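>
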Amino acid sequence: MTAMPRIETGVRVEDKLFQNRYMVDTGRPHITVKPHDKPSPNLLALTRVCPAKCYEQNERGQVEITADGCMECGTCRVLCEPSGEIEWNYPRGGFGVLFKFG
Amino acid sequence: MIEEKFDAIVVGAGMSGNAAAYTLAKRGLKVLQLERGEYAGSKNVQGAIMYASMLEQIIPDFREDAPLERHIVEQRFWMMDGHSHSGMHYRSDEFNSDNPNRYTIIRAQFDKWFSRKVRDAGVTVLTETTATELVYDTGGKVIGVRTDRRDGEIRADVVVLAEGVNGLLGTRAGLRETPKPETVALAVKEMHFLPEEVIEQRFNLRGAEGCVIEAAGTFTRGMTGLAFIYTNKECVSVGLGCLVSDYSKTMESPYELLEAFKQHPSVRGLLAGSEVKEYAAHLIPEGGYKAIPKLYGDGWVVVGDAAQLNNAIHREGSNLAMTSGRIAADAIFQVKSRRDAMTAENLSLYKKMLDDSFVIKDLKKYKDMPALLHTQSQNFFLTYPELVSKAAQNFLHVDGTPKLEKEKATSAAFIKARSRLGLVSDALKFAFAWR
Numbered sequence: 001m002t003a004m005p006r007i008e009t010g011v012r013v014e015d016k017l018f019q020n021r022y023m024v025d026t027g028r029p030h031i032t033v034k035p036h037d038k039p040s041p042n043l044l045a046l047t048r049v050c051p052a053k054c055y056e057q058n059e060r061g062q063v064e065i066t067a068d069g070c071m072e073c074g075t076c077r078v079l080c081e082p083s084g085e086i087e088w089n090y091p092r093g094g095f096g097v098l099f100k101f102g
Numbered sequence: 001m002i003e004e005k006f007d008a009i010v011v012g013a014g015m016s017g018n019a020a021a022y023t024l025a026k027r028g029l030k031v032l033q034l035e036r037g038e039y040a041g042s043k044n045v046q047g048a049i050m051y052a053s054m055l056e057q058i059i060p061d062f063r064e065d066a067p068l069e070r071h072i073v074e075q076r077f078w079m080m081d082g083h084s085h086s087g088m089h090y091r092s093d094e095f096n097s098d099n100p101n102r103y104t105i106i107r108a109q110f111d112k113w114f115s116r117k118v119r120d121a122g123v124t125v126l127t128e129t130t131a132t133e134l135v136y137d138t139g140g141k142v143i144g145v146r147t148d149r150r151d152g153e154i155r156a157d158v159v160v161l162a163e164g165v166n167g168l169l170g171t172r173a174g175l176r177e178t179p180k181p182e183t184v185a186l187a188v189k190e191m192h193f194l195p196e197e198v199i200e201q202r203f204n205l206r207g208a209e210g211c212v213i214e215a216a217g218t219f220t221r222g223m224t225g226l227a228f229i230y231t232n233k234e235c236v237s238v239g240l241g242c243l244v245s246d247y248s249k250t251m252e253s254p255y256e257l258l259e260a261f262k263q264h265p266s267v268r269g270l271l272a273g274s275e276v277k278e279y280a281a282h283l284i285p286e287g288g289y290k291a292i293p294k295l296y297g298d299g300w301v302v303v304g305d306a307a308q309l310n311n312a313i314h315r316e317g318s319n320l321a322m323t324s325g326r327i328a329a330d331a332i333f334q335v336k337s338r339r340d341a342m343t344a345e346n347l348s349l350y351k352k353m354l355d356d357s358f359v360i361k362d363l364k365k366y367k368d369m370p371a372l373l374h375t376q377s378q379n380f381f382l383t384y385p386e387l388v389s390k391a392a393q394n395f396l397h398v399d400g401t402p403k404l405e406k407e408k409a410t411s412a413a414f415i416k417a418r419s420r421l422g423l424v425s426d427a428l429k430f431a432f433a434w435r
């Protein structure tokens, strides 16, 4: 891909996720990131590509996840499960995102 | 373990799972269906366009009570650059027949309706239950599933894996691979609510008529992708999908791209003043024929998105899902009626029947298309949309330049961007992949 300046519309994904219905399984996140020093390119990409912006870099440059707004699309699983960088499960039955329209 | 044994367990209550469960129960089999969501549809996302013929083969009188949004009388294809769209429209009053062929639907509502039909047919539907593992006998045949409920092991003669594009059960068991970034697209979508009459005015519709727009162009920033605008009764579905492998390379953000698409001058006015009530994301299988995994084995079959059965060129997925579910059910019923065991050999009947159907025939036709579009994405999604826009402007802008000079300028722009050889080769490759 040619390098193009990225689009920044100023949209906040939090405002989008606010419209959704979730049943959060408190204390039992269905996705975890394995401890690491430096994230791989794919893991780092998740900070941009995850449609719910669940992944963020901490001050030490490591990638962390807060899965509360997760829409269970599986993009991170496809990118980072094969390398073992994340562990991905479905939420327990009845938990997670509940689409009103889908 | 739950003592009761079933003829079949269907994992998932999407299009393929509902089609399979319904068909199996109608043929007299004892069926259990598992769904991890609160209700059927609560985890499912689609554009969504539903094709009537494939549903008619399962529930012939579906029009009587299915929650259908609008029947489609107009299809628009747009090729877009930053400030323009050119395209192709087709609208016909003949689409206003008694039995329209295509409808827009809202999946959560449609799936609830389908699930009621499944229950009425006699299927035991267990929601809020995640299947976690397959259960095998000592010979390696699948004999049931384990769930996250207490005493969660359930036995059946055959397990129908209708677990969707991101299904864990079959991939964990090694029955198929986890989708690769190159074989799935990430789609994001919003539901924009507007008064019915506003939608009808903006899209030139009367009553239950519907219009759908599908667009490709520079808004995907060179990535292989597509956007859509579908009219429902009281809302408009707007979404955009690109290959996951492209996203990981460009590190673009899907919601930023969607936002930019919504702000495009050709789109903005269609959505003005709307209230967004949901934001959803889902993967779409894009690998085509070459990505189809093994479809059956000892005690199991796989259907729908889980089997990558999606025609990306014609944007058909749910009808392939429904059809594969129905055909798998028919195959299982035939094996069962002969009192044969659900072995891989006997279940290979499902593949034979699917090979003879439009599902595999269509996917085979376009087997080279994913590779072409995915590797040449810059040309098809960035360069050509810009060239076409320039050519159209050049053609329409009247300024006294002799027409011959204008045409020369247009062809020169194409040659400069792609070279003569590049243009011919793109055209040929496209033609061969389309064959």
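Quick mapping for you: the protein sequence lines, in order, are chains A and B. Heads up: the first sequence begins at 1 in my numbering, then just goes up one per residue. Heads up: the second sequence begins at 1 in my numbering, then just goes up one per residue. Where a beta carbon is used, it is the ideal one built from N, C-alpha and C, also for glycine. None of these values were measured; they are calculated from a predicted model.
So if I threshold CB-CB distances at 7 Å, which residues from the segment 380–399 of chain B count as touching chain A?
none
> At 4 residues or longer, what runs of the alpha helix (DSSP H) sit wholly inside the segment 318–377 of chain B?
318–337, 344–355, 358–365 and 369–375
> Looking at the unbroken alpha helix (DSSP H) that takes in Gly481(B), where does it start and where does it end?
The structure shown does not extend to residue 481(B), since chain B is modelled only from 1 to 435, so the question has no answer here.
> Please give me, in chain order, every unbroken run of the alpha helix (DSSP H) with length at least 4 that falls completely inside the segment 182–222 of chain B.
196–202
> Any idea what DSSP makes of Phe101(A), helix, strand or coil?
coil
> To which residues of the same chain is Cys54(A) closer than 7 Å at the C-beta, ignoring the five residues directly before and after it?
Ile65, Thr66, Ala67, Gly69 and Cys70
> Return the residues of the segment 73–90 of chain A that lie within a Cβ-Cβ distance of less than 9 Å from chain B, sorted by chain order.
Cys73, Gly74, Thr75, Arg77, Val78, Leu79, Glu81, Pro82, Trp88, Asn89 and Tyr90
> Can Gly269(B) and Leu175(B) be called in contact, C-beta distance under 8 Å?
no
> From the DSSP output, in three-state form, read off Ser237(B) for me.
strand
> Using a cut-off of 7 Å between C-beta atoms, extract the partners of Gln309(B) located in chain A.
The question names Gln, but residue 309(B) is Leu in the sequence shown. The premise fails here: Leu309(B) is roughly 17 Å from chain A at the closest Cβ pair, so nothing lies under 7 Å.
> What is the DSSP secondary structure of Gln263(B), reduced to helix, strand or coil?
coil
> Mind checking the segment 249–268 of chain B against chain A and listing, in chain order, the residues whose C-beta falls within less than 8 Å of any C-beta there?
Lys249, Thr250, Met251, Glu252, Ser253, Pro254, Tyr255, Glu256, Leu257, Glu259, Ala260 and Gln263
> Within 10 Å of its beta-carbon, does Leu347(B) have 16 or more other beta-carbons around it, so buried, or fewer, so exposed?
buried
> Kindly indicate the opening and closing residues of the beta strand (DSSP E) around Tyr90(A).
Where Tyr90(A) is concerned, there is no enclosing beta strand (DSSP E), given that its DSSP letter is neither H nor E.
> Does the distance from the CB of Ser324(B) to the CB of Ala344(B) come in under 8 Å?
no
> Just the chain A side, please: which residues come within less than 8 Å of Ala106(B) by C-beta, in chain order?
It is worth fixing the name first, because residue 106(B) is Ile in this sequence and not Ala. Within 8 Å Cβ-Cβ: Phe101 and Gly102.
> Skipping 5 residues on each side, what residues in its chain have a beta carbon closer than 7 Å to that of Trp300(B)?
Cβ within range, chain order: Val142, Val158, Val159, Leu161 and Leu175.
> Strictly below 7 Å CB to CB, what residues from chain B border Val92(A)?
First, the amino acid is wrong: residue 92(A) is Arg here, not Val. Going along chain B in sequence order, the residues near Arg92(A) (Cβ under 7 Å) are Thr130 and Asp148.
> Specify the secondary structure class of Gly288(B) as computed by DSSP and reduced to three states.
helix
> Suppose you measure from the CA of Pro60(B) to the CA of Met54(B); what does that come to, to the nearest Å?
9 Å
> Assess, as a yes-or-no matter, whether the segment 110–129 of chain B is touched by the segment 23–35 of chain B under the definition of 3 or more beta carbon pairs within less than 8 Å.
Below 8 Å, enough C-beta pairs join the segment 23–35 of chain B and the segment 110–129 of chain B to call them touching: three or more.
> Is the segment 183–193 of chain B touching the segment 276–295 of chain B in the sense that three or more CB pairs, one from each, lie closer than 8 Å?
yes
> From Pro100(B) to Ile72(B), what distance separates their C-alpha atoms?
8 Å
> Cα separation between Leu134(B) and Ala8(B)?
13 Å
> May I ask you to report which of helix, strand or coil DSSP gives Glu275(B)?
strand
> Count the other CB atoms within 10 Å of the CB of Pro254(B); is the residue buried (16 or more) or exposed (fewer)?
buried
> Specify, as a first and last residue, the run of the alpha helix (DSSP H) that Thr47(A) falls within.
According to the DSSP assignment, Thr47(A) belongs to the alpha helix (DSSP H) that extends over Pro41 to Val49.
> Is Thr124(B) helix, strand or coil by DSSP?
strand
> Since Lys34(A) and Gly84(A) are thought to touch, with beta carbons under 8 Å apart, how far apart are those beta carbons, to the nearest angstrom?
6 Å
> Within this structure, are the beta carbons of Ala371(B) and Leu24(B) separated by less than 8 Å?
no
> What do you reckon, are the CB atoms on Ile154(B) and Thr104(B) nearer than 8 Å?
no
> Could you tell me whether the Cβ atoms of His374(B) and Thr178(B) are closer together than 8 Å?
no
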